[in-house]
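**Q**
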Amino acid sequence: MIRREGLLADAGGWRMIFPDLKPRLKELRRRTDLKRSDVHTDAATPPWVCACARRVDALYYACRHNRSEENNASVVVSFEAPEREIIIDGRDFLYPVFQFGVPERARPALASVFGSAILRYADRAWSTEEQSLRILYCDLAVQDDEVVAAHATNGIVLGGKSRTVFASAFMARAPIMPANIRAVDVVKAVDYSAPEVELPFRDLTIFGL
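Numbering (the numbering used here), first residue to last: 162 to 370.
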């Protein structure tokens, strides 16, 4: 079915809808009075599917995090997508660090995991005590192509919220067409062993003090 129809946003248990900020990212980054209405407009928002850069991370989601008694088939789908259609899924790691990060701890770690370009957003987020504004700066950061490319090369195993374990987490604009599907593999969850967490998000935040 996946090879025939591709990957559809409404085929899984979650439906992710985020605005496409890439065409306006530079202009939004220049604003000194960023507001929610600047980022979250009335424009149509594209659907997304979750993705990872590394197979080992996809195995975690297939064999552990997304597996349940009802959804007990572990499937890993390999596909290609252009960088312009990829954003970072920051919900379990990046957003909490933007919101509650301790800069002296978080700055070097974020630069290692997401590249130095992440700091132009993180530093502005930590310069304000307003949580809603910190979230908006993370909304911009996850769509920066330079940050996306750096995160795709990360090999540090992160510990995120909800006990998630991964080195990279992305969202790809849906649908993923059949021509871009490279492989569909059914894997055995019983053979999977999660890697050890090297960098828990809590260690970078006020919760780790």
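Backbone N, C-alpha and C fix where the C-beta goes; we use that ideal spot for every residue, glycine too.
Could you have a look at residue 346 and say whether DSSP puts it in helix, strand or coil?
**A** The answer is strand: DSSP assigns residue 346 an E or B state.
**Q** Whole-angstrom Cβ separation of residue 197 and residue 297, contact assumed at under 8 Å?
**A** About 6 Å separates the two Cβ atoms, so the contact holds.
**Q** Could you round the C-beta distance between residue 242 and residue 337 to whole angstroms and report it? I think they count as a contact, below 8 Å.
**A** Indeed, because the Cβ distance is near 7 Å, the residues count as touching under 8 Å.
**Q** Could you round the C-beta distance between residue 362 and residue 247 to whole angstroms and report it? I think they count as a contact, below 8 Å.
**A** At roughly 21 Å, the Cβ-Cβ gap does not stay under 8 Å, so residue 362 and residue 247 are not in contact.
**Q** Give, in chain order, every unbroken run of the beta strand (DSSP E) that is at least 3 residues long and sits entirely within the stretch 198-276.
**A** With a minimum length of 3 residues, the continuous beta strand (DSSP E) runs that stay inside the stretch 198-276 are 208-212, 235-240 and 247-249.
**Q** Roughly how many whole angstroms lie between the Cα atoms of residue 215 and residue 329?
**A** Taking the straight line joining both Cα atoms gives about 7 Å.
**Q** Taking the DSSP output, what are the residues bridged to residue 330?
**A** DSSP lists no partner for residue 330.
**Q** Suppose the cutoff is 8 Å on Cβ atoms and the five residues either side in sequence are ignored; what does the same chain contact list for residue 202 look like?
**A** The answer, listed in chain order, is 180.
**Q** Output needed for residue 194: all residues of its chain with C-beta closer than 7 Å, excluding positions within five of it in sequence on either side, in chain order.
**A** Answer for residue 194: no residue qualifies.
**Q** Beta carbon of residue 286, beta carbon of residue 305: below 8 Å?
**A** No, Cβ-Cβ distance for residue 286 and residue 305 is not below 8 Å.
**Q** Figure out for me which residue from 356, 354, 355 and 344 has the closest Cα to the Cα of residue 236.
**A** It is 344.
**Q** Would DSSP call residue 337 helix, strand or coil?
**A** In the structure shown, residue 337 sits in a strand (DSSP, three-state: E or B).
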